[in-house]
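Residue numbers (the numbering used here): 73 to 266. For each residue, glycine too, the CB sits at the ideal point set by N, CA and C. The block underneath contains the structure these notes are about, expressed in structure tokens.
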Amino acid sequence: MHESQIWGGMIRKMWPTELEKFRDHLLRLDKESRRLRFGMPACDDFIRDYADRTSSLNSLVYGYYRDGVMRGAAEMRQIGEGFSTTAEGAFSVESDYQDRGIGSELLGRLVRSARNRGISRLYMNCLAENRKMQRIAKKFSAELHFDHGEVEGRVLPAMPTYLSLWNEVMDDSRGFVMAVLEFPLSLRPAALTG
73 MHESQIWGGM IRKMWPTELE KFRDHLLRLD KESRRLRFGM PACDDFIRDY
123 ADRTSSLNSL VYGYYRDGVM RGAAEMRQIG EGFSTTAEGA FSVESDYQDR
173 GIGSELLGRL VRSARNRGIS RLYMNCLAEN RKMQRIAKKF SAELHFDHGE
223 VEGRVLPAMP TYLSLWNEVM DDSRGFVMAV LEFPLSLRPA ALTG
């Protein structure tokens with residue numbers, strides 16, 4: 073089994089044309105998963121606005137796709153203007169897909185992408201009771217700092233190597249092919265459908 077394939081699905085980068093899959097994933101999160109993901113209760117309108125802004129921010133999103141539907145997501149947003157060596161990471165997995173290692177795999181992709189982009193500090197914030205996220209962050213040697221009901225995790229990615237860059241390029245190639253295969257025939261340009 074290839075490292076991008078897990079639990080009958082595939083982890084790959086989200087392409088700009090798939091923003092609605094990300095939005096729909098966040099909307100499917102149950103009330104508690106939303107609260108843990110955003111650190112507060114999040115209504116549908118908030119989530120729609122958040123997802124819409126993702127394309128305008130310096131964001132990178134990995135998704136766990138099963139049967140063409142995004143069931144988990146990890147996102148990285150660079151902090152600051154221009155070339156920044158600091159980023160924030162967050163991830164979410166729908167309740168039916170939790171406790172299978174998907175969150176760990178998604179965070180692993182974020183750490184590798186941060187590494188390959190020269191990010192020296194990847195921050196993650198969560199509520200103090202979000203023990204799952206804290207355990208996953210610790211797998212990547214995160215330093216956890218507890219403060220007034222919240223936890224800030226900091227991962228210090230290693231420097232990029234030829235192998236880490238190559239692995240990301242190969243995953244992107246496979247991910248692009250899978251995204252094209254999942255793209256609805258009715259929306260494909262005539263040149264692609266023959």
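Which of helix, strand or coil DSSP assigns to Asp116 | helix
Whether Ser105 touches Ser185 by CB criterion (7 Å) = no
Mind reading off the beta-carbon distance from Arg193 to Thr233? Whole number of angstroms is fine, and I expect it under 8 Å.
-> Between Thr233 and Arg193 the Cβ distance is about 19 Å, and since that is not below 8 Å, they are no contact.
DSSP beta-bridge partners for Ile131?
-> The sequence given here places Ser at residue 131; Ile does not occur at that position. In the DSSP output, where bridge partners are listed per residue, Ser131 has Arg149.
Please classify Asp219: does DSSP put it in a helix, a strand, or coil?
-> strand
With Phe212 and Val183 assumed to form a contact (beta carbons below 8 Å), what rounded beta-carbon distance in angstroms separates them?
-> 5 Å
Where does Ala262 land, buried or exposed, given buried means 16+ other C-beta within 10 angstroms?
-> Residue placement at Ala262 is flagged as unreliable, the pLDDT there being 49, under the threshold of 50; the coordinate-derived value follows with that caveat. Ala262 comes out exposed.
C-alpha gap between Ser258 and Ile151, whole angstroms | The predicted position of Ser258 is uncertain, since its pLDDT is 42 and thus under 50; a value taken from the coordinates is nonetheless stated next. Ser258 and Ile151: Cα-Cα distance of roughly 38 Å.
Looking only at its own chain, which residues have a Cβ that is under 6 Å from the Cβ of Ala251, when we skip the five neighbours before and after it?
-> Trp87
Would the beta-carbon of Met148 fall within 7 Å of that of Gly161?
-> yes
Rounded to whole angstroms, how far is the Cβ of Ala200 from the Cβ of Glu222, which I believe are closer than 8 Å?
-> 6 Å
Apart from the five residues just before and just after Gly81, which ones in its own chain have a Cβ nearer than 6 Å to its Cβ?
-> Tyr136, Tyr137 and Arg138
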